[in-house]
Every structure is written in C-alpha cells, then in structure tokens.
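Numbering (our numbering), first residue to last: 1 to 255.
Structure (structure tokens):
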C-alpha cells in the first residue's frame with residue numbers, strides 16, 4: 001500500500017514537472033492576466049475598496065482609493081483618529097495623529113516609493129518591461145500542498161551602488177492567481193523580507209480580487225485585511241490626493 005501511494009505521488013510530481021517545463025514566463029503571465037481579468041481592469045479608471053484591518057490586537061475600518069494614473073489615498077480610523085496616506089503621482093504625504101498633529105507630514109523616500117508602488121493599479125508585473133523591471137521564472141515549488149510558479153521581479157536601484165528591490169511572486173499553477181508575494185527591501189541599509197498572503201478571491205465585474213490578505217515580517221503576522229466592498233469608477237476629485245495646507249498656513253492666508 002505504501003509503495004502504491006509513493007508511486008502515485010511520484011507520478012503526480014512528474015506530471016507537474018513536465019507541465020512546468022512547457023510553461024514559459026510569457027505563458028504563465030498571460031494565463032495570470034487572463035485569470036484576474038486584466039483586460040477589463042484596463043478600462044477601470046478608479047477603484048474604491050473598504051473593509052477592516054486587524055493589527056496588534058486592534059480592528060479598525062479602512063478605505064483605499066486608487067485612480068489612474070498613479071494616484072492613491074488610504075484612510076484608516078484608529079481609536080477615533082483618522083490616518084491618511086496619499087500619493088498624487090508626484091509626491092507622497094501622510095496625516096499621522098500619533099505624532100501629535102493632524103497636519104500633513106512629509107514621508108521619507110522609502111515610504112514615498114511604497115505609496116507609488118501601491119498607486120499602480122495594474123501591479124508591477126503588468127508591462128514590466130516598460131516599467132524598467134527585470135523578470136525571470138525561477139521554477140516551481142510546493143506551497144503547503146499547492147503547486148506554484150515562482151517568479152522573480154527586480155527593480156532598478158534607487159541609488160547608484162545599491163541593489164534594487166526584489167519581489168517574488170508565487171502563482172497558483174491551477175487558478176493562476178497570486179497566493180503569495182515576498183518582497184525584499186533595503187530599509188536603512190538593512191534587508192527586510194515581507195510576505196503577503198492572498199486568499200478568498202472573488203469576481204467583481206469580471207475582475208478577480210483577493211478579499212483576504214495577511215502580511216508577515218520575519219514569519220510574524222503584522223496585519224490582516226478583509227475587503228468588504230469594491231466599487232469602480234466613482235466620481236473622485238483629484239484634490240483628495242494633493243497635500244493640503246497645514247492649519248497654520250491656511251490660517252495665515254485667511255488673515
């Protein structure tokens with residue numbers, strides 16, 4: 001009986017290995033974009049997502065607005081205070097009440113880059129050549145019993161002499177959606193690896209979204225997110241992405 005099970009398992013692995021050899025990077029990405037409805041996503045001008053986030057024992061509502069081209073606004077209400085992160089296509093800013101003020105604050109280069117990455121509605125893999133990235137198919141892996149394709153994307157370094165950020169994508173060999181992304185970033189000279197797990201995919205107007213996600217750093221869960229509603233192409237004023245005046249500056253202008 002054990003020999004039979006071993007033979008069956010070996011055959012399954014062998015069949016997948018043969019199929020994997022036939023799958024090129026181009027074919028995998030083509031299947032991925034077809035699976036998520038990229039063609040329909042191309043026609044979407046804005047996405048508004050609302051849901052809840054769990055972090056450090058707290059649960060709070062969030063709202064994410066992404067608008068083409070390259071605009072992002074994230075709002076979260078924590079203990080009655082509203083946190084804002086935004087990018088208008090040129091600069092990023094944030095409102096961080098825990099700093100003791102509700103005035104807009106500058107963000108560092110790493111944060112600004114993170115906002116910019118999130119503002120890309122299509123993701124890094126779509127039109128990766130035009131974006132100046134390098135992409136390669138690493139191979140196949142078993143991810144907790146699921147066969148996945150592992151793809152490596154390398155960005156151009158921000159500064160000369162540094163290495164560009166690296167992201168690994170783990171794509172389900174059957175459904176061709178992301179199950180996990182693993183990003184290596186240089187933060188203040190130290191390499192940090194962040195894993196994001198995606199699940200509970202649902203179709204919204206023919207476009208696939210992961211309604212549940214979990215972010216881990218060093219194997220420890222940092223945050224969990226659950227999307228409750230997604231809306232397309234709402235009327236959104238571009239001004240919400242621009243950095244507002246500080247209250248003191250606005251007061252002076254009104255005097």
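We put the CB at the ideal spot given by N, CA and C, even for glycine.
Is DSSP giving residue i helix, strand or coil here?
i	result
residue 210	strand
residue 8	Annotation note: pLDDT 46 at residue 8 (below 50); position unreliable, coordinate value reported separately. Helix at residue 8.
residue 29	helix
residue 239	helix
residue 231	strand
residue 122	coil
residue 39	helix
residue 117	helix
residue 141	strand
Could you check the C-alpha separation between residue i and residue j for me, to the nearest Å?
i	j	result
residue 136	residue 34	19 Å
residue 115	residue 87	6 Å
residue 189	residue 109	13 Å
residue 258	residue 197	Only positions 1 to 255 of the chain appear in the structure, and residue 258 is not among them; the question remains open.
residue 90	residue 235	21 Å
residue 176	residue 124	16 Å
residue 204	residue 244	33 Å
residue 120	residue 183	16 Å
residue 11	residue 149	Interpretation of residue 11 is limited by its pLDDT of 42, a score under 50 that renders its predicted location unreliable; the figure taken from the coordinates is listed afterwards. About 19 Å.
residue 159	residue 111	15 Å
residue 147	residue 81	43 Å
residue 237	residue 211	26 Å
residue 126	residue 25	13 Å
residue 206	residue 178	17 Å
residue 240	residue 29	34 Å
residue 102	residue 134	40 Å
Residue i CB to nearest chain B CB: under 9 Å?
i	result
residue 193	Of the protein chains in the structure, only one exists, and it is not chain B.
Do residue i and residue j have their C-beta atoms closer together than 9 Å?
i	j	result
residue 225	residue 216	no
residue 269	residue 72	Here the chain comprises residues numbered 1 to 255, so residue 269 is not present and cannot be evaluated.
residue 45	residue 27	no
residue 191	residue 50	no
residue 36	residue 208	yes
residue 130	residue 42	no
residue 169	residue 185	no
residue 32	residue 138	no
Next on the checklist: As an exercise, report each continuous beta strand (DSSP E) stretch of at least 3 residues that is fully enclosed by the region 41–113, in chain order.
Outcome noted: Here the runs fully enclosed are 46–55, 58–67, 71–78, 81–87, 92–95.
Checklist entry - Looking at C-beta atoms only, is the number of pairs between the region 134–152 and the region 84–100 that lie closer than 8 Å three or more? => result no
Checklist entry - Counting Cβ pairs closer than 8 Å, one from the region 54–62 and one from the region 149–168, do we hit at least three? => result no
Checklist entry - For the region 150–222, which segments carrying the beta strand (DSSP E) assignment without a break, of at least 3 residues, lie completely within its bounds, in sequence order? => result Here the runs fully enclosed are 166–172, 178–187, 190–204, 207–217.
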